[in-house]
Amino acid sequence: MFRPHRRRARGLALGLCLMGVVPPLVAQAQSAPPSAQPRVGSDWPTLPATPLDPDQERRIAAMVGRMSLRQKVGQMIQTEIKAASPEDLRTWYLGSVLNGGGSWPGGRQDASLTSWVRLADAYYDAAMASDAPDPVPPLWGVDAVHGHNNVQGATLFPHNIGLGAARDPELVGEIGRAVGRAVRATGINWVFAPTVAVVQDQRWGRTYEGFGADPALVRTYAGAYVRGLQGDLKGDGTVIATVKHFFGDGGTETGRNEGVTLAPARQMFDLHAQGYLGGLAAGAQTVMASFSSWSDPAAGIDYGKMHGSRVLLTDFLKTRLNFQGLVISDWDGIGQVPGCTRSHCPQAINAGVDMLMVSTEWKPLIENTVKDVETGAVPMARIDDAVTRILRVKMRAGLFGRRPSASRYAGKPAAIEARGLARRAVRESLVLLKNDGAVLPLRPGRRVLVVGKSADSLPDQVGGWSITWQGDHTTNADFPRAVSVLSALRRANRGGKVTYAPTGEGVRVEDFDVVVAVIGERPYAETAGDVASLSHTARYPEDLKVLEAVAGHGRPVVTLFESGRTVYVNDLLNRSDAFVALWLPGSEGQGVTDLLFRDARHPRFDFRGVTPFDWLATACPAPGAPVLFRAGFGLTYKHPAAPLGPLGEAAPVQSCPDVRR
Ligand code: BGC
Ligand code: BGC
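To convert a position in the sequence shown, counted from 1, into the working numbering, add 1236.
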């Protein structure tokens, strides 16, 4: 949804001046002729260059000079651990592997830390045993996007939407450091995080991967997260960070995943470039290209797919923003560039992609790319630049001469846990939206009726990107050390009784002192999470039903709502005395009860979270749509609000009219 951002723009200009960045003056794009050619405007933002290490650059140049074409192209390939054995790294000189969401060593969901490290060592040893004049250690990338979320037993932090609600850059830095240690415990050296999307339409299934709608917060968080993950890049527990997805991923029409962002340059920079300014200034070594496209209809300029845009990847990111690290393409994303397939895309390489993430077809991709260089379709200078950047990142990160198992965290179960930190993050991230009659905080020792499908569901609590890609096909057993909200309630309600009746049917509400309903969205990721309307009841009628079963019996109803976005919930609010947005809190349910229960006299903690997005009073985002709670809203115990009172209710909507911004 487009929001006028006059105020924001002024803040931006100030921020950029403080950073030594030229503020965008823009507007001039408006008067460009139709079908103008994409080019970097003189008013686009810049970042200062950081000096390169001359010795390191000399060593890299010498190495590149000794490499054969096949060795160079091999360095530019990243493929899935399911698609390449260690032996493939040796014989094909592959530069990198990744494990995608729901991919584990040996295909085992419960793979031990030892088996992760053993596989990382095997890739390293094989790469170092190649016949290249200078064998190069591999990068291994992983989506550790809310903790080391593919690994059983790892602490899962709140998804980024919750961190955005907390507004605490220091917390985010601590989480980055904890994620670095956890990832090193498995021998992995590269993390595909943070996502710095500034989400405009929450029908997007990746809304929760972003920190919110405030570009200034995203910029600050990007810096803090990158510094936390990377540190000085030399430590035993640090990993390479990725700022993603470059750029405009959060601005697509109707929130369609991998769609088109229609925006003038000004809006692109004011909103969608901010995370890169923060992340790159903090030294982020890698940037992932976005599946999405950018088009500026008012200026008559279509920039096309990010993966194929030389103007954006090279002229803007590498030249204007002085980015010296490597650009990685997203999962088979090259195949979406017009004229390309996922095993052949000179356009993406020429545009500035340095490393190609390819799910399976890496062999034909190597053959095709080698041929492209031989025919001149891809200049050798571009290949040399890509390999130089890859080697630079590998050297800066201290990969040479360091086997993955050499980290002091490798294989250490303690390194994948940071439960106190995650519990604090949960406490900071919760947002109190309604607390009529000061129902909260609860006094322990009462008779508590718990209802709702999500109370004892760790999969619902942790969301997508948790053990599996979508967060589906898991059970509580996949999260051995996690605490569900239900068990947290049992622990916190000392001296009392907790009864769980998922549907609320067949219980006498009058037999209890208070009802706690835990409801919300089921896990999803990427495109599968896109929705056609923000009506929660349209998707989960059972959640309204359970509240109907328990409301109106003279007992207060406290609703705990788990979701990866703000949705239309007027009907649910009307049936709740108190309502708390939990977002996707992760493995530490006790962070929730820390806030819900008080000691004998006082709350133990107060709320501090605020909603990072507007809560609409309609299911359909559109310009000027009515807002119930503005971004930045959140109640506290200290400052109780007037009762919310009954809200208007709309019938559930399955899909929204396609209103163009
Ligand atoms: C996602 C990226 C992710 C990559 C690897 C893609 O589909 O867009 O965010 O890093 O897969 O799993
Ligand atoms: C992988 C994910 C990836 C996705 C892209 C899945 O199979 O596990 O990591 O993001 O494909 O479509």
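Backbone N, C-alpha and C define an ideal beta-carbon position, used for all residues, glycine too.
- Message: For a test of the three-state rule: what should DSSP assign to serine 1641, helix, strand or coil?
- Response: Position 405 of the sequence shown holds residue 1641. Serine 1641: helix per DSSP, three-state reduction.
- Which whole-angstrom value describes the C-beta separation of serine 1823 and alanine 1718, a residue pair presumed to lie in contact below a C-beta threshold of 8 Å? Numbered from its first residue, the sequence shown carries residue 1823 at position 587. Numbered from its first residue, the sequence shown carries residue 1718 at position 482. So it is a contact: roughly 4 Å between Cβ atoms.
- Relative to ligand 1, is the shortest distance from any of its heavy atoms to the C-beta of tryptophan 1280 smaller than 7 Å? Within the sequence shown, residue 1280 is the residue found at index 44, counting from 1. The answer is no for tryptophan 1280.
- Whole-number beta carbon distance between arginine 1632 and glutamine 1521, since they are thought to touch under 8 Å: Within the sequence shown, residue 1521 is the residue found at index 285, counting from 1. Within the sequence shown, residue 1632 is the residue found at index 396, counting from 1. Right, their Cβ atoms sit about 6 Å apart.
- Taking only heavy atoms of ligand 1 into account, decide whether any of them is closer than 7 Å to the Cβ of glutamate 1597. Sequence index remark: in the sequence shown, residue 1597 carries index 361 (1-based). False, no ligand heavy atom lies under 7 Å from that Cβ.
- Item | Sequence-ordered residues whose beta carbon comes within less than 5 Å of a heavy atom of ligand 1 | Gly1336, Asp1379, Phe1428, Asp1566, Trp1567
- Determine the direct distance from the alpha carbon of serine 1278 to that of proline 1259, and round the result to whole angstroms. To locate residue 1259, count along the sequence shown from 1; it is residue 23. To locate residue 1278, count along the sequence shown from 1; it is residue 42. In this predicted model, proline 1259 has a pLDDT of only 37, less than 50, meaning its place in the structure is not dependable; the value taken from the coordinates is given anyway. Distance between the alpha carbons of proline 1259 and serine 1278 is about 11 Å.
- Query: Where serine 1529 and tyrosine 1444 are concerned, what is the direct C-alpha to C-alpha distance, given to the nearest angstrom?
  - Reply: To locate residue 1529, count along the sequence shown from 1; it is residue 293. To locate residue 1444, count along the sequence shown from 1; it is residue 208. In a straight line, the C-alpha of serine 1529 is about 21 Å away from that of tyrosine 1444.
- Going straight from the alpha carbon of glycine 1544 to that of leucine 1770, what length do you get? If you number the sequence shown from 1, residue 1544 lands on position 308. If you number the sequence shown from 1, residue 1770 lands on position 534. Whole-angstrom Cα-Cα distance: 32 Å.
- Item | Integer Cβ distance of glycine 1412 from arginine 1463, believed to fall under 8 Å | If you number the sequence shown from 1, residue 1412 lands on position 176. If you number the sequence shown from 1, residue 1463 lands on position 227. Confirmed, Cβ separation roughly 7 Å.
- Item | Selection from Thr1624, Val1863, Tyr1760, Ala1878 that minimises the alpha carbon distance to leucine 1903 | Examination of residue 1903 is not possible in this model, given that the chain is present from 1237 through 1897 alone.
- Are the segment 1642–1662 and the segment 1325–1337 touching by the rule of at least three beta carbon pairs closer than 8 Å? no
- How should serine 1799 be labelled, buried or exposed, when 16 other C-beta atoms within 10 angstroms of its C-beta is the threshold for buried? The residue given as residue 1799 occupies position 563 in the sequence shown. Buried.
- Query: For the alpha helix (DSSP H) that isoleucine 1537 lies in, which residues bound it at each end?
  - Reply: The count along the sequence shown starts at 1 and reaches residue 1537 at position 301. That residue, isoleucine 1537, is in no alpha helix (DSSP H); its beta strand (DSSP E) goes 1537–1541.
- Task: Inspect the CB distances between the segment 1710–1730 and the segment 1675–1693 and report whether three or more fall short of 8 Å.
- Result: yes
- Query: Taking Cβ positions, are arginine 1313 and valine 1594 nearer each other than 8 Å?
  - Reply: The count along the sequence shown starts at 1 and reaches residue 1313 at position 77. The count along the sequence shown starts at 1 and reaches residue 1594 at position 358. Note on residue identity: the sequence assigns isoleucine, not arginine, to residue 1313. In this structure, valine 1594 lies closer than 8 Å to isoleucine 1313 by Cβ.
- Find out if the Cβ-Cβ distance for the pair asparagine 1810, proline 1857 is shorter than 8 Å. By 1-based counting over the sequence shown, the position of residue 1810 is 574. By 1-based counting over the sequence shown, the position of residue 1857 is 621. Result no, Cβ atoms of asparagine 1810 and proline 1857 do not sit closer than 8 Å.
- Item | Top-ranked residue by Cα proximity to histidine 1772, from Asp1766, Glu1757, Thr1763 | Here the question's residue 1772 lines up with position 536 in the sequence shown. Nearest C-alpha to histidine 1772: Glu1757.
- Item | 4 or more residues per run - each alpha helix (DSSP H) lying fully within the segment 1560–1612 | 1582–1587, 1598–1611
- Helix, strand or coil at leucine 1831 [DSSP, three-state]: Here residue 1831 refers to the residue found at position 595 when the sequence shown is read from its first residue. It is helical.
- Message: Measuring only the C-alpha atoms, how far is leucine 1399 from proline 1451?
- Response: For the purposes of this step, residue 1399 is identified with residue 163 of the sequence shown, where counting begins at 1. For the purposes of this step, residue 1451 is identified with residue 215 of the sequence shown, where counting begins at 1. So the two alpha carbons sit approximately 14 Å from each other.
- Taking three-plus beta-carbon pairs below 8 Å as touching, is the segment 1580–1594 in contact with the segment 1557–1572? yes
- Item | Three CB pairs or more closer than 8 Å across the segment 1662–1671 and the segment 1708–1723 | no
- Measure the alpha-carbon distance for proline 1430 versus glycine 1884 and round it to whole angstroms. What you label residue 1430 is simply residue 194 of the sequence shown in a count that begins at 1. What you label residue 1884 is simply residue 648 of the sequence shown in a count that begins at 1. Their backbone Cα atoms lie some 38 Å apart in a straight line.
- Query: Among Ala1449, Ile1619, Val1475, which residue has its Cα nearest to the Cα of alanine 1867?
  - Reply: As a working note, residue 1867 is residue 631 in the sequence shown. Among Ala1449, Ile1619, Val1475, the Cα nearest to that of alanine 1867 belongs to Ala1449.
- Message: In the DSSP output, which residue or residues are listed as bridge partners for tryptophan 1440?
- Response: The residue labelled residue 1440 in the question sits at position 204 within the sequence shown. Answer is none; tryptophan 1440 lacks a bridge partner.
- Item | Limits of the alpha helix (DSSP H) - the one that aspartate 1749 falls within | Taking the sequence shown and counting its residues from 1, the one referred to as residue 1749 is at position 513. Neither: aspartate 1749 is in no alpha helix (DSSP H) and is coded neither H nor E.
- Query: Which class does histidine 1481 belong to by DSSP, given the choice of helix, strand or coil?
  - Reply: On the sequence shown, residue 1481 is found 245 positions in, with the first residue counted as 1. Here histidine 1481 sits in strand by DSSP.
- Going straight from the alpha carbon of alanine 1774 to that of alanine 1855, what length do you get? Position 538 of the sequence shown, counted from the first residue, corresponds to residue 1774. Position 619 of the sequence shown, counted from the first residue, corresponds to residue 1855. So the alpha carbons of these two residues sit roughly 10 Å apart.
- Unbroken stretches of the alpha helix (DSSP H), 4 residues or longer, contained in the segment 1492–1540: 1510–1517
- Message: In the DSSP output, which residue or residues are listed as bridge partners for arginine 1306?
- Response: One-based indexing of the sequence shown puts residue 1306 at position 70. In DSSP, arginine 1306 forms no bridge with anything.
- Item | proline 1369, buried or exposed, once every other Cβ within 10 Å from all chains shown has been counted against 16 | In the sequence shown, counting from the first residue as 1, residue 1369 sits at position 133. Label assigned to proline 1369: exposed.
- Item | Range covered by the beta strand (DSSP E) that runs through glycine 1377 | Within the sequence shown, numbered from 1, the residue matching residue 1377 stands at position 141. Counting along the chain, the beta strand (DSSP E) containing glycine 1377 begins and ends at 1375–1378.
- Item | Segment limits, alpha helix (DSSP H) that includes serine 1348 | Position 112 of the sequence shown, counting from 1, holds the residue named residue 1348. First-last for serine 1348: undefined, no H or E at that position.
- Task: Could you tell me the boundaries of the alpha helix (DSSP H) in which asparagine 1806 lies?
- Result: For the purposes of this step, residue 1806 is taken as the residue at position 570 of the sequence shown. Its alpha helix (DSSP H) spans residues 1806–1810.
- Message: So if DSSP puts glycine 1448 in a beta bridge, which residue, or which two residues, is it bridged to?
- Response: What you label residue 1448 is simply residue 212 of the sequence shown in a count that begins at 1. For glycine 1448, which the question treats as bridged, DSSP gives the partners Val1434.
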